[in-house]
Every structure is written in structure tokens, then in C-alpha cells.
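Numbering (my numbering), first residue to last: 20 to 354. We treat Cβ as the ideally placed atom computed from N, Cα and C, and that holds for glycine. Working notes for the structure below.
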């Protein structure tokens, strides 16, 4: 049985995206994120059409523990960039509802000013339960935004600290937002992510929190002395900002631009992009293998019985896994 025709026209969507239409960019991303069988080939054609027009933006990953003020920072920072004439796309990767698998954080309502700016495009995307909050189609979505002419991509992650290395493999610059007074229990993920960050920003540097923010910045600077930089030739820095008062944002922009100039000058910017493309290939192959395995008829017919045997203690997990794999023959093998 063949899949029904897709409701999307990839060529028309590509033309609209390249013309800079936010509405058609939104539809293009909807096609890219679709899991429907009928949409897979049109989505592939769309991404292939847009790929030659991508790659000209600065991709910035932004993470931090819940409550650190990621959305407030992105709203303030993104609005500042838009006011300077830059086009900014925000891909806010939400935790998914365990029931509906949809976005549950409502990023457009949290970024009301930015989402209303003519130079901005804000797209909430459910993570689909992916570890670390990275949407399965994030890379393809980034390609579409770049093809639409956006100069800066801000990738907001869930910030749970479990798979931020995935975000690192998708962006040019990785920002870690931190707050004062959270304690190491709340920020237990801090050190592992600090080792990935190109720039650390202590948020909420305003009012009565100003002194604590400066003290925390100094503490973090001392910690950085003992950590290896994730980017050759670049020494990570610690800055402070207030999204409420708008202070510190210009310095963050200057440091990101200095990072870009330096990294493009020494060639690492482009080497990292090439490595990211290879990582994309591997992730697509992995995804295809998992999908083929799970949809294999022999696997589907034997899996419930084997799981029941393991649950009842009649079969050990290693033997069960071996039997499941024996049921599976990838369709391309032997061709």
C-alpha cells in the first residue's frame, strides 16, 4: 500500500522560503517536522532544495537550568539584534507533553515583544522526548531559517543537562546562562556544561542581586582556569547581564562577534561546520536504522512475547536482545 500524497508542495514552499516569507517558512518547518510517511519524501526534497542557500548565519546555542531566564535573555538579546537591522530566528526547543507530544512551554507567549518584531521569527518545536530537549529535525529547521535569510539563529534548549553535547554539535557558539544563589545542588549540571561553553553569562545582574552576580562571575572565572576550552584558540569568558534592564547585552554581542572573527580567521569555524555535517549524516543513518528496526514485521510480532518472557524471569535480557536482533534484517543488506 502506497502512502497518500503529501498536502505540501515542496517546490512552492522552497520558493516562498527563499523569498523570505515567514508564513511559508512556518509551513516548511511543519513539513520538515512531520512524521507522516507521506511527508518524508517532500521534506527531503525541500531540504535538498534549500541546502545550497544555507550556512550564512551565526548559530548560537543557549542553555541553562530552568529558571535561569533563557527566554527573557533571548527576548532582550534578540530584540536588540533586530533593532540593529539583523534578522533573528529563534528555535525554542520545548519539552514535550508526555501525552500529546506537543510543545508545553508556549514560547511565543513568553517572547511577546520579540515574536512581534518584523525582523524576528520565533518557532516553538516539541522535542518529542529526545534526550536533552533537542528536536529530531532541528538541523533541517536551521537550514530552512538560513535559506530564508535570517542572520542569527538562537537555539534555546530545555537545559536539563543530559545531552547538551548534541546542541554543541549543531551550533557555532555555545552560551551557558547561570544564576546566583542556586547552589551546586540545583546547578549540578554546571561543570559538565561549562566544559562545552564558549561564553558564560551570569543573568539577573540587577537591583539587590548586582553584588552577588559580580561575585559569582569572579568565582566562575577562577573555575575556568582549570577547564580546557572546547574551541581551539579561544579562551571562554564570563560576563553578566540583566535582561530586565538591558545591561550587558552589547558586550555579549561584541564577544560573540570577536569569537566569529577569530574562528573564521583560524579556519576552525569552517572545520566545525564540516564536522557538524558529518554528525548530521550519522544521526540520519541512526534514525533510519531505528525506524526500520521498529517497523520490521518479524520484530513487531516477536517483541511482545520476548518482553513478557524477560518480565517473568524466563529469559535473560541479553538472550532476548539477541533473538530480537536475529529477527531483523535491514532491507539494504545484500542488495
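If contacts are defined as beta-carbon pairs under 8 Å, then residue i and residue j qualify, I think. What distance do you get, rounded to the angstrom?
i: residue 27; j: residue 44; result: About 13 Å separates the two Cβ atoms, so there is no contact after all.
i: residue 91; j: residue 262; result: 4 Å
i: residue 157; j: residue 189; result: 6 Å
i: residue 300; j: residue 166; result: Residue 300 to residue 166, Cβ: 19 Å. No contact.
i: residue 136; j: residue 101; result: 5 Å
i: residue 70; j: residue 47; result: Wrong, their Cβ atoms sit about 13 Å apart, outside the cutoff.
i: residue 268; j: residue 174; result: In fact, because the Cβ distance is near 18 Å, the residues do not count as touching under 8 Å.
i: residue 68; j: residue 33; result: 4 Å
i: residue 172; j: residue 76; result: 5 Å
By DSSP's criteria, residue i is part of a beta bridge. Which residues make up the other side?
i: residue 256; result: 218
i: residue 142; result: 110
i: residue 174; result: 80 and 110
i: residue 192; result: 79
i: residue 266; result: 261
i: residue 197; result: 221
To which residues of the same chain is residue i closer than 6 Å at the C-beta, ignoring the five residues directly before and after it?
i: residue 287; result: 251
i: residue 225; result: 261, 263 and 264
i: residue 277; result: none
i: residue 30; result: none
i: residue 243; result: 255
i: residue 315; result: 347
i: residue 327; result: none
i: residue 291; result: none
i: residue 296; result: none
i: residue 298; result: 188
i: residue 305; result: none
So, at 8 Å on beta carbons, what are the nonlocal neighbours of residue i in its own chain, with the 5 sequence-adjacent residues on each side left out?
i: residue 329; result: 335, 336 and 339
i: residue 199; result: 221, 223, 228, 231, 232, 234 and 235
i: residue 88; result: 196, 198, 222, 223 and 262
i: residue 274; result: 218, 256 and 258
i: residue 159; result: 51, 62 and 66
i: residue 60; result: 25
i: residue 279; result: 77, 191, 192 and 288
i: residue 93; result: 81, 109, 111, 130, 133, 173 and 175
i: residue 325; result: 334, 339, 342 and 343
i: residue 72; result: 37, 165 and 166
i: residue 303; result: none
i: residue 310; result: none
Counting only the same chain and skipping the five closest in sequence on each side, list residues whose C-beta sits under 7 Å from that of residue i.
i: residue 205; result: Any reading at residue 205 must be qualified, since the residue scores a pLDDT of 41, below 50, and its modelled position is unreliable; the value itself is stated next. Excluding residues within five positions, the ones whose Cβ falls inside 7 Å are 84.
i: residue 312; result: 318 and 347
i: residue 322; result: 343
i: residue 281; result: 252 and 253
i: residue 285; result: 252
i: residue 98; result: 132, 133 and 136
i: residue 184; result: 215
i: residue 246; result: 213 and 214
i: residue 270; result: 258
i: residue 106; result: 138, 168, 169 and 170
For residue i, tell me which candidate among the options has the shortest Cα-Cα distance.
i: residue 253; options: 192, 264, 226 and 232; result: 192
i: residue 96; options: 183, 42, 134 and 32; result: 134
i: residue 215; options: 79, 132 and 164; result: 79
i: residue 241; options: 249, 225 and 219; result: 219
i: residue 239; options: 212, 265 and 225; result: 212
i: residue 104; options: 170, 161 and 57; result: 170
i: residue 162; options: 184, 138, 296 and 74; result: 74
i: residue 142; options: 289, 108 and 315; result: 108
i: residue 255; options: 110, 271 and 217; result: 217
i: residue 41; options: 296, 310, 315 and 139; result: 139
i: residue 294; options: 173, 341, 247 and 187; result: 187
i: residue 54; options: 268, 77, 307 and 249; result: 307
i: residue 168; options: 284, 289 and 39; result: 39
i: residue 194; options: 297, 272 and 237; result: 272
So with Cβ pairs under 8 Å, would you call residue i a contact of chain C?
i: residue 290; result: Although the question refers to chain C, the structure presented lacks it and comprises just one protein chain.
Taking 7 Å as the line, does the beta carbon of residue i fall inside it for any heavy atom of the ligand NAD?
i: residue 30; result: Only the bare structure without any ligand can be found here, which leaves the ligand NAD out of the picture.
4 or more residues per run - each alpha helix (DSSP H) lying fully within the stretch 268-348:
The qualifying runs are 268-285, 287-314, 316-330 and 336-346.
In chain order, which continuous runs of the beta strand (DSSP E) of length 3 or greater are located wholly inside the stretch 24-111?
Those beta strand (DSSP E) runs which fall completely within the stretch 24-111 and span 3+ residues are 77-82.
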